[in-house]
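Have a look at the structure below, then the notes.
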Amino acid sequence: MSEYMNLVRVTGVLEMRIVPERYSPNEYADNQEAMAKLQQLMPRATENTAENIDKKAQLASLYLESGCHDQAAIFLAEALDARRSLWGWGYPKTIQTQELLACAFYAQGRIEDAMEQFEAAGRIIVQSLGTEHVLAIQNMFNRGVVMWQLGKCGGACDTLHQAYKISKRIHGLHHRWTLSTMENLAFMYHFTERPWEAQKIQQQVVDVRLQVSPCDDSSLLKSAVLLGKIYMDMEWWKETEATYRIIVELREKLQGTESPAVLASKANLVTALQKQGRLDQAEKLSIEVLNASNVTLGPESPVTMRNQLRLATILGDRGEYTKALKIQQEVLETQEKLFEDFNDEIRHTLSDISVTFMKLNRYDEAVTVCQRVISALDQHLGMYNPASLSTRIDLAYMFSQIDRLDEAESTVLGVLNNYGQVQDDSELLSKLREVINTLLQYGRTATFNKFYFDL
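The following block contains the structure:
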């Protein structure tokens, strides 16, 4: 979930599309002056004339844009009632006010109320203006975003896809609304495990933004970040590399060469190089990132320590396990000094150390470290937490690889006692299959045959 929310923050997706009511050009110097003047006028604007309602709607729009959502909702509700009385429900300004009221509800966290307003406005728009009016596209987009927040993911994707098709036909592929709709749709596809559709749409968005002259670097960066995440999760490492080279270049240009965001993007580029087997380049860039992280964030920063561990994995891929182990143990020492309690950072480091011990044929030490992780997880999360079960499966696999088959079998049986939870986790299930298959190859058929067929 934290990854999800971070991507929302960075890319700016899942934001309401607001077309605010504007005052006349040159009437006010800026929004602050407009808000101050309109606030002065409101007590005197007691009659529901067209001019007074416009002023109220303009003030409500300014409240909404400035984050004063409660005031915005009050004024928009009043303006909506007044406009319905004067001009009827299907008048464009009435519809726009209802859309803005729905946006205010959404900003207040009143998601179901927002959905009700958007759906009502959508029906009126279709009846009064048709399905291809600009307000219809805006309404469709906003309904899709609210559906997503309500957990109606399939309906959200369908609605955004329809909005994208209409916007592309009416405005063209290069229009900002079309691109925004495509981006949100790609985001939704990505998090509903439809990676091929997400990749296809988001690659189009990035390609279009690259063609625009002059290039909007900020928009291109947000689009590239989402595309890079999609490619990483698909494990398309060549495409990941190409995308993160764009991201690094843009972030260095916009945020400076030593910003934490640049270092994070370079770290992802390191991973892409490593996964392609280009270890010399990966190691060189990893050292560069680590040195910069040491200077910018300090040696005890969690980011710096993750960069150290990334370098250790590259060394491990090169077969330099002793060097990798030295780095991992240094990180563990720092983590244990900084953190009083066992946490995910320490757990991952211990798991890496255990694997490295196995590679160095230091089996007893590998097992001891893995058992330490299990003991800590059991204490903090309980024996049947997914992380505990996963580490138990790792331990069983270690036992199977060093001919300690009785211990491997006993450990697997302990996991199978909680088979229902394993069955619901595809990653755990895959790991468990691998261990059981190994034990079956060693002739441990009597114990595991019936479980094997269930798996």
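All letters in the sequence shown, in the order written, are residues 322 to 776 by my numbering. Where a beta carbon is used, it is the ideal one built from N, C-alpha and C, also for glycine.
- Rounded to the nearest whole angstrom, the CA to CA distance from Trp517 to Tyr763 is 40 Å.
- Taking a C-beta distance under 9 Å as the contact criterion, Leu600 and Ile635 qualify as a contact pair.
- Non-local beta-carbon contacts of Ala687 in its own chain, meaning distances under 7 Å to residues more than five positions away in sequence, involve Ser675, Phe678, Met679 and Met719 in chain order.
- Taking a cut-off of 8 Å for Cβ pairs, the segment 484–492 and the segment 524–535 do not touch, as fewer than three such pairs fall below it.
- Counting only residues of its own chain and dropping the five nearest sequence neighbours on each side, Thr625 has a CB closer than 8 Å to the CB of Leu611, Ser614, Asn615, Leu618 and Gly619.
- Distance between Asp685 and Cys691, taken at the CA atoms: about 10 Å.
- Taking the Cα positions, Asp746 is about 10 Å away from Tyr740.
- Closest in alpha carbon position to Asp673, among Glu651, Leu659, Lys658 and Asp662, is Glu651.
- For Arg754, the three-state secondary structure derived from DSSP is helix.
- DSSP places Ser622 outside both helix and strand once states are collapsed to three, so it counts as coil.
- For Asp528, the enclosing alpha helix (DSSP H) has its first and last residue at Pro516 to Gln532.
- By the neighbour-count criterion, in which a residue is buried when 16 or more other Cβ atoms sit within 10 angstroms of its Cβ, Asn589 is buried.
- Ranked by how close their Cα comes to the Cα of Asn628, the residues Ile608, Met503 and Ala507 have Ile608 in first place.
- In the three-state DSSP reduction, Gly409 falls in the coil class, being neither helix nor strand.
- No residue range can be given for Ile723, since it is assigned to no alpha helix (DSSP H) and is classified by DSSP as neither H nor E.
- Where Gln438 is concerned, the enclosing alpha helix (DSSP H) starts and stops at Ile432 to Ser449.
- If the five residues before and after Asp391 are omitted, its C-beta is found closer than 8 Å to the C-beta atoms of Gln429, all from its own chain and listed in chain order.
- Pairing Leu380 with Pro413 gives a Cβ-Cβ distance that is not under 9 Å.
- DSSP places Gln656 inside the alpha helix (DSSP H), whose first and last residues are Tyr642 to Leu659.
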